[in-house]
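Residues 128 to 328 in our numbering are what the sequence shown lists, from first letter to last.
For every residue, glycine included, the Cβ atom is placed at its ideal position computed from N, Cα and C.
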Amino acid sequence: MESATSEKEAPAAASSYTYWVREVTEEAAPLPVPRKLTPEDLSHHSHHPPTHLGSVWNRAGTWEEKNLNKWASDRIQELLVSVGSLEFSGGRAEITDVSKCLGDAFLVTVRNKKRVSYTYELTLRVKGEWLTGEEKKNVKGYIDIPEFSIGELDDLQFEVRLSEEKDLTYQEKLKIHQDLKLFLQPVREKLLQFEEELKER
128 MESATSEKEA PAAASSYTYW VREVTEEAAP LPVPRKLTPE DLSHHSHHPP THLGSVWNRA
188 GTWEEKNLNK WASDRIQELL VSVGSLEFSG GRAEITDVSK CLGDAFLVTV RNKKRVSYTY
248 ELTLRVKGEW LTGEEKKNVK GYIDIPEFSI GELDDLQFEV RLSEEKDLTY QEKLKIHQDL
308 KLFLQPVREK LLQFEEELKE R
């Protein structure tokens with residue numbers, strides 16, 4: 128009796144519905160296989176302007192993130208060094224290079240819409256000369272710009288550090304600090320230019 132009952136229940140068990148497919152069966156659809164873009168694909172893309180944003184493979188315009196760190200870091204340094212020199216009542220100074228440029232910049236395509244973002248922290252090396260009394264003194268220092276992101280340049284701030292202060296009086300150091308803070312506006316303008324160029328990529 129038990130064997131007969133088991134034989135009757137076997138077909139029902141075989142046809143029961145399961146939620147998880149643990150093994151690939153003959154009825155299952157084949158697994159997708161990645162396909163490398165061919166020269167014909169690229170040629171077709173060049174002759175037919177895309178109606179989507181993003182890469183050739185991303186025709187649906189779904190999520191795609193592109194790293195722009197190399198371009199952004201190089202461009203920030205190039206723009207800031209191009210600020211040139213500023214003349215003050217008692218001297219002049221210039222940005223010689225960007226000694227620290229830490230951050231990230233990327234472009235994201237989401238639902239066929241482009242968005243860019245960045246976050247950076249900078250240190251600019253400066254040098255100049257000031258007339259103190261009847262003597263001209265060469266001064267070197269740094270402008271530290273704390274972390275800033277896209278849309279925050281109106282509130283940009285920085286701190287000035289002098290690397291050689293031993294021959295300067297308190298009043299002379301105060302004057303030089305105030306003069307170097309005049310770099311804020313031209314630096315902000317260059318970073319705004321960078322931000323606009325980033326949006327166009």
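- Partner residues in a beta bridge of residue 310, as assigned by DSSP, do not exist.
- In the same chain as residue 272, and ignoring 5 residues on each side of it, the C-beta atoms closer than 6 Å to its own belong to 249, 285, in chain order.
- The residue among 308, 245, 264 with its C-alpha nearest the C-alpha of residue 319 is 245.
- From the listed residues 305, 277, 306, the smallest Cα separation to residue 233 is found for 277.
- With 16 or more other Cβ atoms from the protein chains shown falling within 10 Å of its own Cβ, residue 325 counts as buried.
- Rounded to the nearest whole angstrom, the C-alpha separation of residue 327 and residue 199 is 12 Å.
- Taking the CA atoms as reference points, residue 195 sits about 10 Å from residue 201.
- Residue nearest to residue 309 within the set 229, 221, 163 is 221 (criterion: CA-CA distance).
- With respect to residue 280, residue 303 sits apart: the two C-beta atoms are not nearer than 8 Å.
- Just measuring C-alpha positions, the residue of 166, 229, 292, 236 sitting nearest residue 268 is 292.
- Residue 313 and residue 283 have their C-alpha atoms some 12 Å from each other.
- Rounded to whole angstroms, the gap between the alpha carbons of residue 260 and residue 243 is 50 Å.
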